[in-house]
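K.L.:
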Amino acid sequence: MAPHDLRRPFKRAAISDQQRRRELSLQRQAQHRRDAQHQARCLASFLNPHSDPEPEPEPEPTDSPKELDVRHASKLKGAEARKWFARQLMLPEWMIDVPDQLPQDWYVFARPAGKRCFVVSSNGTTVSRLRNGSMLHHFPSALPSGARTKDSSGSAQSYSILDCIFHESDQTYYVIDMVCWREYSLYDCTAEFRFFWLSSKLAETGLCDPPSQYHRYRFSLVPVYNCDQAGLSAAYTGEVPYVKDVLELQDNGNLSTSDDPPVVFGCSDRAFIEQVMFQYMAQHSPLRIDDLLASINSLSDQENKPSDVEMVG
Amino acid sequence: MSQIEEISNLFSLKSNAMNIGAPLSSSRSVTVLLLSHSIPWTTRYNMAMEVTQILLNAQSIDGNVRKHAEDSIKQFQEQNLPSFLLSLSGELANDDKPVESRKLAGLILKNALDAKEQHRKFELVQSWVTLDSAVKAQIKTCLLQTLSSAVSDARSTASQVIAKIAGIELPQKQWPELIVSLLSNIHQQAPNVRQATLETLGYLCEEVSPNVVDQDQVNKILTAVVQGMNASEGNNDVRLAATRALYNALGFAHANFSNDMERDYIMRVVCEATLSPEVKIRQAAFECLVSISSTYYEKLAHYIQDIFNITAKAVREDEEPVALQAIEFWSSICDEEIDILEDYGGDFTGDSAIPCFYFIKQALPALVPMLLETLLKQEEDQDQDEGAWNIAMAGGTCLGLVARTVGDDIVPLVMPFIEENITKPEWRQREAATYAFGSILEGPSPDKLTPIVNVALTFMLTALTKDPNNHVKDTTAWTLGRIFEFLHGSTIDSPIITQANCQQIITVLLQSMKDVPNVAEKACGALYFLAQGFEEGGPSSPLTPFFQEIVQALLTVTHREDASESRLRTAAYETLNEVVRCSTDETATMVLHLVPIIMTELHKTLEGQKLSSDERERQSELQGLLCGCLQVIIQKLGSSEPTKYLFMQYADQIMELYLRVFACRSATVHEEAMLAIGALAYATGPDFAKYMPEFYKYLEMGLQNFEEYQVCAVTVGVVGDICRALEDQILPYCDGIMTQLLKNLSSNQLHRSVKPPIFSCFGDIALAIGENFEKYLMYAMPMLQSAAELSAHTSGADDDLVDYTNSLRNGILEAYSGIFQGFKNSPKTQLLIPFALHILQFLDSIYMEKDMDDVVMKTAVGVLGDLADTLGSNAGTLIQQSLSSKDFLDECLSSDDHLIKESAEWAKLAISRAISV
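So the protein sequences, as listed, match chains D and L. With the first letter of the first sequence counted as 1, position 307 gets the number 307 in this note's numbering; the numbers rise by one all the way through. With the first letter of the second sequence counted as 1, position 295 gets the number 608 in this note's numbering; the numbers rise by one all the way through.
1. Against Y995 (chain L), what residues of chain D qualify as contacts under a CB-to-CB distance less than 8 Å, listed in chain order?
2. Please look up how many angstroms separate the CB atoms of A976 (chain L) and Q948 (chain L), rounded, as I've assumed it's under 8 Å.
3. What did DSSP end up calling E248 (chain D) once you bin it into helix, strand or coil?
4. What residue range does the alpha helix (DSSP H) around C815 (chain L) cover?
5. Please compile the residues from chain L whose C-beta is within a distance smaller than 8 Å of the C-beta of R21 (chain D).
6. Mind checking if L1080 (chain L) is an interface residue toward chain D, Cβ cutoff 8 Å exclusive?
7. Please state if the CB of Q936 (chain L) and the CB of G921 (chain L) are separated by a distance shorter than 8 Å.
8. Answer yes or no: do C117 (chain D) and F166 (chain D) have a C-beta to C-beta separation smaller than 8 Å?
9. Helix, strand or coil for N703 (chain L)? Go by DSSP, reduced to three states.
10. Between L:S1158, L:N377, L:D384, L:V1168, which has its C-alpha nearest V364 (chain L)'s C-alpha?
11. Less than 6 Å between C-beta atoms, sequence neighbours within five positions excluded: which residues of the same chain meet that for T956 (chain L)?
12. Which two residues bound the contiguous beta strand (DSSP E) that contains K115 (chain D)?
13. Skipping 5 residues on each side, what residues in its chain have a beta carbon closer than 7 Å to that of N359 (chain L)?
14. Helix, strand or coil for A1217 (chain L), going by three-state DSSP, please let me know.
15. Taking its Cβ as the centre, do 16 or more other Cβ atoms sit within 10 Å of L988 (chain L), making it buried, or is it exposed?
16. Using a Cβ-Cβ distance cut-off of 8 Å, determine whether N1187 (chain L) contacts chain D.
17. Give the residues of chain D in contact with D1166 (chain L), contact being defined as C-beta atoms less than 7 Å apart.
18. Taking just the CA atoms, how far does S497 (chain L) sit from Q508 (chain L)?
19. Under 8 Å by Cβ, that's how I've got R595 (chain L) and V635 (chain L) pegged, so tell me the actual separation to the nearest angstrom.
20. Taking only beta-carbon atoms, is L6 (chain D) less than 8 Å away from chain L?
21. Does the beta carbon of Q742 (chain L) fall short of 7 Å from some heavy atom of the ligand COA?
22. Is the segment 786–806 of chain L touching the segment 747–762 of chain L, taking contact as three or more C-beta pairs under 8 Å?
23. What first and last residue would you give for the alpha helix (DSSP H) that runs through D631 (chain L)?
24. Excluding five sequence neighbours on each side, which residues of the same chain lie with their C-beta closer than 7 Å to the C-beta of L347 (chain L)?
25. Determine, for A13 (chain D), whether the minimum Cβ-Cβ distance to residues of chain L falls below 8 Å.
26. In this structure, does DSSP put V864 (chain L) in helix, strand or coil?
27. Are V1031 (chain L) and I990 (chain L) touching if we call contact CB-CB under 8 Å?
28. How many whole angstroms separate the CB atoms of Y174 (chain D) and V243 (chain D), which I take to be in contact at a CB cut-off of 8 Å?
29. Of the choices L:T997, L:I1050, L:Q540, whose alpha-carbon is the least far from that of K1010 (chain L)?
30. From what residue to what residue does the beta strand (DSSP E) around D177 (chain D) run?
31. Taking the runs of the beta strand (DSSP E) that are 3 residues or longer, which of them lie wholly in the segment 572–637 of chain L?
32. Quick check: what's the CA-CA separation for F565 (chain L) versus L405 (chain L)?
33. Relative to the alpha-carbon of D177 (chain D), which residue among D:W197, D:S158, D:S16 has its alpha-carbon at the smallest distance?
34. Keeping to the same chain, check which residues put their C-beta closer than 7 Å to that of A1110 (chain L); ignore five residues upstream and five downstream.
35. I need the boundaries of the beta strand (DSSP E) containing R20 (chain D), first residue and last residue.
36. For W791 (chain L) versus K115 (chain D), is the C-beta spacing smaller than 8 Å?
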């Protein structure tokens, strides 16, 4: 039994940099795992506008430190809520090439010019959030659990999410898609089903009714067409109560991953700043309506051709 | 390590290698050793003669002879273990044999019973247990008989072997007569027998856990040991053996330390032994005191005054090995009190906590002057010697611990010493004063220290440039580092670094980085903490104007000819890392410029061919530093979108370099390179897929590295990074990864700390590949279930085990989370329904245990939500019946931890939806 070594670290920091590198990596990994989980869960608690400090009045200067802590915690939620929504709203890509099967697989509509946002109703109130996740409006609406009314069918916590564009001049939310209805996710449903569900549910709830005490903003549907020649023309030239921005196309498959955003191409007669910037970044010109119409014609030409050649020789 | 031990270790290593599957040597040149029971006695006797010669040959200076002998021994062991062990024990017991062959026989015998590596150890124990009992009895008889030998080396070796066998057999209630027979030896006249017996008891206490020996026998052992230590024992060898035995037996003495009379007796004998005329006995007695200070801290109040007197005398007058132990006693008391006071400061649970007796605070007026005196006993050039440990170093270290224990109270006791000595012409005095100052910077409040530091800072900066003595400069640079570490940063109210002195500080530090290696290394360290203090400083850093200059100076240091001395190169790269971590957007482009520079350096390490093992080790170390640095840079640049975008231009080249770093080792992967790849995968996202075909084999290699379990753990983390980067593109690799992970979980060779992250990794994979995880369910789920059952209860576990259990629970829960979320909205969701009951029961049982930490709580309530979210009405009734969905959920909803609360709110929504349908 030899004497025991009693040397201690001398003039050395308590934690080596290597240890720090390991720990920081572990922290980063844990953070990313949390982020991935959040995304998967579509965290319902973030839908609650009461966790977001923005619509609250300025704090009283006489606040006790305890209350300040609470506000601090809720601020974190707000930031995380913004982050989360920012992730969900993906920018559509500019359409550069004409996809195959355009008339069969795609829908088209003229997108209103305005602020793209998610409208979320839950717990007796409604919140709209912009692309970057920040809050646009906080208001009562006829959406399920969207206002504090006695007559609320289903659970008060049930929530719904609509994909909208807020059109400033007529103060209207134009609904272009439905993400969630009474907590039922429509992510995995076909576009056809979503458009059907959207129009029937909005009618059911009276969302498109004129504004009232419990329904501050007007909501309206955007007409959607099959992406054939007639549909494209209707979307492009048809009369709508709003200023058109671009034509937006959606494939009719499901939108199960946010990696596959809808495709957009520009109107030939309008030059919007957004569009110009996008063109610059994409370093390609978006397709013009003429190109698209031409391609549909050639597609239908192909369809008319006999698909098989009989060999007789 | 003696030559003889090296040789015997070599054997165990070799036989170890055989087990991993190396082909058996086909050499047939040795045939003499084919012993068996069927061989007539006379032949065996001859064999025994052969054994002696072979054991002697195994220690020959002639390499060929040695090799030949080693091979023979190995073959003998493999071909007939019982006769092999019998021959060795016979050799050890035989007083007619040369001491060298007896000693080696004993050591080989010992190595046939125990190994450092757990798996090997288990095998050896098994082979002993299954040995014929007559053979075992004969071996034990030989060993006990050896304790009476006149040859002390033989006795001592036998002691160790007996203890190893006791370590195997006593827990299984075998060899009950051992302790009885040892105790009967104690009363023998011959001092050599008493000495060997006490030594055996000491080793036995080291090998055997206290709970396998009954209190009655413990009492007898302690009585024998303490009697042997008593001054009435006339033989110093016996007294020394007894004192060393007590050191190991202290862990058995809990009952005896609770009995006032017995404790008084033990303490009196130990304290008397510290006054023995024999230095080794004094040293061993102080070792006992050090051990008592941590094991029986709460029982010391009665003796602390006497112990202070004894230690003070030893520190001032005794030989260094004794004085070092005496200082260590006080360092150890500091460790105890720091732990207790930390517990007081934290959430005070109070139930089993040991109270603080404030021994250090009480001893302070006498203790501090004693320690300050030691500071003046420096050795020349101690800073250049890595292994140095002397009384000045021990005293200074203890002073630092005292400062952490008592805080502000130490300052007025040390300041006069500093003021008196810091300007003296003798370097020892200046160094001691500086060291004293540096030592007390952690512990006292910034309020107390800041005014002093403000005055001292200018003095220190001047000393670092002007003092003629390297030792003084080394300590000065270290002290500056401590100033920045503890008194500079966003949490300190009145900053000691201002616009006025920042420039001067940096100039002095960069200048010092050109000094001799040990001073330059400390200057790098000071810069490290200077940068760290500016980490939370907001969008603009005071270091920005100097950034380029600092980086350049650090890179220059890494190229110094003498950068391998005093770990200078390591310090320079580590400081570069911290400077990068703490940099702001203002200097992002300069950080980006570092990428090609570090890549070039890494490239250079790959050029050398046919390296010697020393060169290979240096290469590997340098690659570690460079990969570490790149990892820090990637993580920094990857954390914001614009810089990530700019960085991506280098991704292909970096990955190519990493693959080459991996390729230059045959069997292992480089931990730092693996960590760096994790950071790269995160930064590149889905594009990482293109690297997978080439990288995959190294990933697998990393997962198979059980021996360097850190590498395995890091690789498991990287699998998670890759899952998140590739999502379902990882699918083609999942069969291989899952197979390896499942193997790792069921291995008893893999360090347990790697297992929780492996479970978490299941979750990462499931989340990435969704319902494709289906084919792994039948393997992963039973494993998760059995681990869950294991980790559900912790009753009777110590703190370490509770921590481990919680990390295991967290891993299991993260796996469930990932699996549920991965299957969400898939038609295959129904596959998970059969597991719901078990998972809810698991949640209920860990809730009932009331010992989960915040992390587990958050993950657990999340799983509750995930289960409800994915299974919906299919699990509605089960959820409603579970305790978790009520009491546990309510507890989480009212938690102060916002992460727990957030997960709980989500779970509540998911549950309400599941049960409302």
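Each residue gets a CB set at the ideal place from its N, CA and C atoms; glycine is no exception. Since the structure is predicted, the reported quantities are computational estimates derived from the model, not experimental observations.
P.N.:
To lay it out plainly:
1. One finds R28, H32 in chain D with Cβ atoms closer than 8 Å to the Cβ of Y995 (chain L), taken in chain order.
2. Contact doesn't hold; Cβ gap of about 24 Å is too wide.
3. Three-state DSSP puts E248 (chain D) in a strand.
4. Boundaries of the alpha helix (DSSP H) harbouring C815 (chain L): 812–825, taken from the DSSP string.
5. Simply N890, G941, Q944, V945, E985, L988.
6. So, interface residue.
7. No, they are not a contact pair.
8. Taking 8 Å as the cut-off, the beta carbon of C117 (chain D) is found closer than this to the beta carbon of F166 (chain D).
9. Coil.
10. In terms of Cα proximity to V364 (chain L), the closest of L:S1158, L:N377, L:D384, L:V1168 is L:D384.
11. Cβ within range, chain order: A901, L950.
12. From DSSP, the beta strand (DSSP E) with K115 (chain D) extends over 115–122.
13. Bear in mind that a pLDDT of 47 at N359 (chain L), under 50, signals an unreliable position, so the model cannot answer this.
14. In the three-state reduction of the DSSP assignment, A1217 (chain L) falls in the helix class, which pools H, G and I.
15. Buried, since its Cβ has 16 or more Cβ neighbours within 10 Å.
16. Against chain D, the CB of N1187 (chain L) has no partner CB under 8 Å away; the residue lies outside that interface.
17. For D1166 (chain L), no chain D residue has a Cβ inside 7 Å of its Cβ, as the nearest lies near 14 Å away.
18. Taken atom to atom, the span from the alpha-carbon of Q508 (chain L) to that of S497 (chain L) is near 13 Å.
19. With a contact defined as Cβ atoms closer than 8 Å, R595 (chain L) and V635 (chain L) qualify at about 5 Å.
20. Yes - at least one Cβ of chain L is within 8 Å of the one on L6 (chain D).
21. You won't find the ligand COA in this model; it holds no ligand whatsoever.
22. Yes, since at least three Cβ pairs between the segment 786–806 of chain L and the segment 747–762 of chain L fall closer than 8 Å, the two stretches touch.
23. Element bounds for D631 (chain L): n/a, residue is neither H nor E.
24. Residue placement at L347 (chain L) cannot be trusted, given a pLDDT of 32 that sits under 50; the coordinates are not used to answer.
25. With its beta carbon less than 8 Å from one in chain L, A13 (chain D) belongs to the interface.
26. In the structure shown, V864 (chain L) sits in a helix (DSSP, three-state: H, G or I).
27. In this structure, I990 (chain L) lies closer than 8 Å to V1031 (chain L) by Cβ.
28. The C-beta distance from Y174 (chain D) to V243 (chain D) rounds to 11 Å, too long to fall under 8 Å, and the pair is not in contact.
29. Among L:T997, L:I1050, L:Q540, the Cα nearest to that of K1010 (chain L) belongs to L:I1050.
30. Annotation for D177 (chain D): the continuous beta strand (DSSP E) segment containing it runs 172–181.
31. Secondary structure within the segment 572–637 of chain L: not one fully enclosed beta strand (DSSP E) run of 3 or more consecutive residues is present.
32. For F565 (chain L) and L405 (chain L), the distance between alpha carbons rounds to 30 Å.
33. Each of D:W197, D:S158, D:S16 was checked against the Cα of D177 (chain D), and the nearest Cα belongs to D:W197.
34. The answer, listed in chain order, is T1118.
35. In the DSSP assignment, R20 (chain D) falls outside any beta strand (DSSP E) and lies within the alpha helix (DSSP H) extending over 17–41.
36. No. Outside cutoff.
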